[in-house]
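Trainee: Submitted below is the structure of interest, expressed as structure tokens.
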Amino acid sequence: MADIHVEEFYKDVAIALAQLYAAFPRRISLFVEDIAGPDDPDDFGLHSKRHMACFGALLWLSEEGFLRYVDTIRQEALDQAVLSRSAFTRLSAPAPQTLTEKFGPNPSDSELPTSVERDRSTYIHLLRTALKSGSSNQISLIVQATFFLDRDIQTVH
33 MADIHVEEFY
43 KDVAIALAQL
53 YAAFPRRISL
63 FVEDIAGPDD
73 PDDFGLHSKR
83 HMACFGALLW
93 LSEEGFLRYV
103 DTIRQEALDQ
113 AVLSRSAFTR
123 LSAPAPQTLT
133 EKFGPNPSDS
143 ELPTSVERDR
153 STYIHLLRTA
163 LKSGSSNQIS
173 LIVQATFFLD
183 RDIQTVH
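When we follow this note's numbering, the leftmost residue of the sequence shown carries the number 33, and every step to the right adds one.
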């Protein structure tokens with residue numbers, strides 16, 4: 033089992049990327065509270081560790097070239113955020129068959145039009161499906177497969 037902060041990181045990344053993809057190519061304000069949930073700053077106005085971890089994940093996505101933004105809104109949001117070309121291309125790409133068979137459309141959906149089947153085999157669809165499932169393990173595996181794994185996808189369990 034991964035450390036809880038790593039599982040939260042993968043979930044934050046998945047939610048942020050799904051929000052940005054849904055708005056693409058528009059620039060949006062990406063609010064931490066929309067991703068990590070409400071935060072109650074302490075008496076000194078400092079945010080919780082959870083809030084700051086999510087904000088850090090958003091900044092990390094930018095530093096690693098997955099998104100661009102114009103400015104921060106304090107530690108509340110990234111203003112005018114948009115997916116980078118490489119992130120958009122990757123999310124739109126078809127995932128390997130081994131991954132879609134494990135986490136993708138149901139085999140009973142084989143009667144669907146080709147265009148729908150193609151859309152349901154993309155990384156963004158798998159990411160959204162993982163988020164809907166609520167499974168930390170599934171979210172982690174899909175985020176890793178989408179952006180971080182350079183090895184053969186068949187090694188993903």
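Ideal Cβ positions, reconstructed from N, Cα and C, are used throughout, including at glycine.
Remember, predicted model here, so these are calculated numbers, not experimental data.
Quick one: measure Cβ to Cβ for K43 and I156, integer angstroms, because I've assumed they're closer than 8 Å.
Mentor: Reading the sequence shown from its first residue, position 11 is the one you call residue 43. Reading the sequence shown from its first residue, position 124 is the one you call residue 156. K43 to I156, Cβ: 16 Å. No contact.
Trainee: Between the alpha carbons of S202 and L91, how many angstroms are there, rounded?
Mentor: Here the chain comprises residues numbered 33 to 189, so residue 202 is not present and cannot be evaluated.
Trainee: V64 and C86: beta carbons closer than 8 Å?
Mentor: Working through the sequence shown from its first residue, we reach residue 64 at position 32. Working through the sequence shown from its first residue, we reach residue 86 at position 54. Cβ distance < 8 Å, so V64 and C86 count as in contact.
Trainee: Can you name the start and end residues of the alpha helix (DSSP H) that S94 belongs to?
Mentor: As a working mapping, residue 94 is identified with position 62 in the sequence shown. 81-95 is the span of the alpha helix (DSSP H), which, as asked, contains S94.
Trainee: Determine the burial state of I47: buried for a count of at least 16 other Cβ atoms within 10 Å of its Cβ, exposed for fewer.
Mentor: Residue 47 sits at position 15 when you count from the first residue of the sequence shown. Looking at its Cβ environment, which holds 16 or more other Cβ atoms inside 10 Å, I47 is buried.
Trainee: Would you give the residue range spanned by the alpha helix (DSSP H) that A162 belongs to?
Mentor: Locating residue 162 in the sequence shown gives position 130, where the first residue counts as 1. Here the alpha helix (DSSP H) through A162 covers 155-165.
Trainee: Give me the Cα-Cα distance between P57 and P126, rounded to the nearest whole angstrom.
Mentor: Here residue 57 refers to the residue found at position 25 of the sequence shown. Here residue 126 refers to the residue found at position 94 of the sequence shown. If I take the Cα positions, the gap works out to 20 Å.
Trainee: Pull up the distance between the alpha-carbon of L131 and that of L158, whole angstroms please.
Mentor: Your numbering for residue 131 matches position 99 in the sequence shown. Your numbering for residue 158 matches position 126 in the sequence shown. Cα-Cα distance, rounded: 9 Å.
Trainee: Using the Cα positions of D35 and R82, report the straight-line distance between them to the nearest angstrom.
Mentor: Reading the sequence shown from its first residue, position 3 is the one you call residue 35. Reading the sequence shown from its first residue, position 50 is the one you call residue 82. Going by the C-alpha atoms only, they are around 14 Å apart.
Trainee: Comparing alpha-carbon positions, which option in R106, A177, L52, I67 lies nearest Q129?
Mentor: Taking the first residue of the sequence shown as position 1, residue 129 is located at position 97. Cα-wise, what sits closest to Q129 is A177.
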